[in-house]
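Q: My questions will all concern the structure given below.
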Amino acid sequence: MKQAFEHLSAVAPLPAHLRGGIVAIGNFDGVHRGHQSVLELALSEARGDGVPALVLTFEPHPRKVFRPQVPLFVLTPPPMKARLLASLGFAALVEQPFTRDFASLSPEAFVTDVLEKNLGIRHAVTGFDFHFGKDRQGGPAFLMAAGERHGFGVTLVDAFRDEGAEVVSSSRIRELLAEGKVEEAAGLLGYRFTVEAEVIGGQQLGRTLGFPTANMRLSPEAALKEGIYAVRFRRADGTLHDGVASFGRRPTVDDNGAPLLETYVFDFSGDLYGENCQVSFFGFLRPELKFDGLDALVAQMKTDEAEARALLAGVRPLSQLDAEIAF
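Residues in the sequence shown are numbered consecutively from 84, following my numbering.
Next up, the structure:
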């Protein structure tokens, strides 16, 4: 029987059954193929040793602490990151609150207080460029030497490159999503980009037009290209529906609206309000347009539905993780 996944804070003592595990350390925003090369090695080590596999990450993202004035499109907020890590097979995600005080800890204090005392780690797995502690003074060489002193092993993983020999990074994926290139982003992620949010009430214009939508408000920093997408919609109970989604400001009916994700869920009728649902993006169909009246809008929406159904009819999972998230 598979053990239940645990989403924990590093502020609280780690449960005894999770101590002595293999810990993958990093921000892992996106849980993309580069991150997965680190994560899969940690999982393999844990299975080989018969111990728990954990992920230690930092929340909020350090860039938000050091450069709060610069918006950061977080690809996987904590709940989505936890879902992905659970699907990969980890026992727990441990979030270390990241503050300026925490950032000022010496590298030795990080090793002693977090890795040794809080987590009791057996082995650390991280990227080759992981730095930690005050002014990023702790690096790979320091971590390996600290591991010898404190009795845990360390494995460093080289940068992962895609088929074009380019390093896979969260920043590359953000740029692709900002251009609406969700298929290319999926190639780097190893799964379809997916968002999660509560379904909220809207103007109900879509319902009157014959296209009722499930409306979700994403983070203001979500720099996804505005437009129309072919998507998969997963309800809170796990049921999955194809759909077509509009992300943007609805220029035909509401020039001043805040960006909203509105999904017309195919072959579904019912109340979704208050449900926490997921939307996975499979293809960009077109940019947002302003139509001369609602009749023209409805005609285009019928075309969008047909295109989305055709696109989604031929999709296949990119990986086991993609199969669990979007299929």
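Idealized CB from N, CA, C, for every residue including glycine.
Could you tell me the alpha carbon to alpha carbon distance between A95 and V121, rounded to whole angstroms?
A: Counted from its first residue, the sequence shown places residue 95 at position 12. Counted from its first residue, the sequence shown places residue 121 at position 38. Going by the C-alpha atoms only, they are around 25 Å apart.
Q: So, under 8 Å CB-CB, M299 and L260 are touching, yes? Tell me the CB distance rounded to an integer number of Å.
A: Residue 299 sits at position 216 when you count from the first residue of the sequence shown. Residue 260 sits at position 177 when you count from the first residue of the sequence shown. So it is not a contact: roughly 16 Å between Cβ atoms.
Q: Which term fits S187, buried or exposed, when burial requires 16 or more other beta carbons within 10 angstroms of its beta carbon?
A: Start at 1 with the first residue of the sequence shown, and residue 187 comes out as number 104. By the neighbour-count rule (16 or more Cβ atoms within 10 Å), S187 is not buried but exposed.
Q: Report all residues from its chain with a CB closer than 6 Å to the CB of P154; omit the five preceding and five following residues, and keep chain order.
A: The residue labelled residue 154 in the question sits at position 71 within the sequence shown. Counting only Cβ-Cβ distances below 6 Å, and skipping sequence neighbours, we find E304.
Q: I'd like to know if the region 263-278 and the region 373-383 are in contact, where contact means that at least 3 CB-CB pairs between them fall below 8 Å.
A: No: fewer than three Cβ pairs fall under 8 Å.
Q: For S329, write down the residues that DSSP places opposite it in a beta bridge.
A: For the purposes of this step, residue 329 is taken as the residue at position 246 of the sequence shown. Partner(s): I311 and E345.
Q: Which runs of the alpha helix (DSSP H), 4 residues or longer, sit entirely within the region 185-234?
A: With a minimum length of 4 residues, the continuous alpha helix (DSSP H) runs that stay inside the region 185-234 are 223-233.
Q: To the nearest angstrom, report how far apart A125 and A165 are at their CA atoms.
A: As a position in the sequence shown, residue 125 is number 42, starting the count at 1. As a position in the sequence shown, residue 165 is number 82, starting the count at 1. Roughly 16 Å separates the two Cα atoms.
Q: What is the residue span of the beta strand (DSSP E) that G366 lies within?
A: As a working mapping, residue 366 is identified with position 283 in the sequence shown. It spans N359 to R369 - the beta strand (DSSP E) in which G366 sits, taken as one unbroken run.
Q: Using beta-carbon positions only, say whether M384 and T277 come within less than 8 Å of one another.
A: By 1-based counting over the sequence shown, the position of residue 384 is 301. By 1-based counting over the sequence shown, the position of residue 277 is 194. Not in contact: M384 and T277 (Cβ atoms no closer than 8 Å).
Q: Please list, in chain order, all residues of the same chain as P145 whose beta carbon is under 6 Å from its beta carbon, the five residues on each side excluded.
A: In the sequence shown, residue 145 corresponds to position 62, counting from 1. Closer than 6 Å at the Cβ level, and outside the excluded window around P145, lie F181.
Q: Going by CA-CA distance only, name the one from K308, S329 and T296 that's closest to D350.
A: In the sequence shown, the residue the question calls residue 350 occupies position 267. Among K308, S329 and T296, the Cα nearest to that of D350 belongs to T296.
Q: Would a C-beta distance cut-off of 8 Å place V177 and L137 closer than the cut-off?
A: Looking up residue 177 in the sequence shown gives position 94. Looking up residue 137 in the sequence shown gives position 54. Taking 8 Å as the Cβ cut-off, V177 and L137 qualify as a contacting pair.
Q: If you count every other CB in all the chains shown that lies within 10 Å of the CB of E249, and 16 or more means buried, which is it?
A: Translated into the one-based positions of the sequence shown, residue 249 becomes position 166. The residue in question, E249, is exposed, as its Cβ has fewer than 16 Cβ neighbours within 10 Å.
Q: For L323, does the count of other Cβ atoms within 10 angstroms reach 16, so buried, or fall short, so exposed?
A: Residue 323 sits at position 240 when you count from the first residue of the sequence shown. Exposed.
Q: From G203 to E390, what does the alpha carbon distance come to, in whole angstroms?
A: Walking along the sequence shown from the start, residue 203 turns up at place 120. Walking along the sequence shown from the start, residue 390 turns up at place 307. Going from the Cα of G203 to the Cα of E390 covers about 53 Å.
Q: For R414, list the residues DSSP reports as bridge partners.
A: The requested residue 414 does not occur in the structure, where the chain is confined to residues 84 to 410.
Q: How about G331 and V348: are their beta carbons less than 8 Å apart?
A: To locate residue 331, count along the sequence shown from 1; it is residue 248. To locate residue 348, count along the sequence shown from 1; it is residue 265. No, they are not a contact pair.
Q: Report the rounded CA-to-CA distance for V282 versus V157, giving the unit in angstroms.
A: Counted from its first residue, the sequence shown places residue 282 at position 199. Counted from its first residue, the sequence shown places residue 157 at position 74. Rounded to whole angstroms, V282 to V157 spans 20 Å at the Cα level.
Q: If you drop the 5 nearest sequence neighbours on each side, which residues of the same chain put their C-beta closer than 7 Å to that of G366?
A: Mapped onto the sequence shown, residue 366 falls at position 283. So the qualifying residues of the chain are V265, E266, Y312, A313 and L394.
Q: Starting from F149, trace the beta strand (DSSP E) in both directions and tell me its first and last residue.
A: On the sequence shown, residue 149 is found 66 positions in, with the first residue counted as 1. First-last for F149: P145 to F149, but that is the alpha helix (DSSP H), not the beta strand (DSSP E).
Q: Are A174 and P135 close, meaning C-beta to C-beta below 8 Å?
A: Residue numbering aside, residue 174 sits at position 91 when the sequence shown is read from its first letter. Residue numbering aside, residue 135 sits at position 52 when the sequence shown is read from its first letter. Contact: yes.
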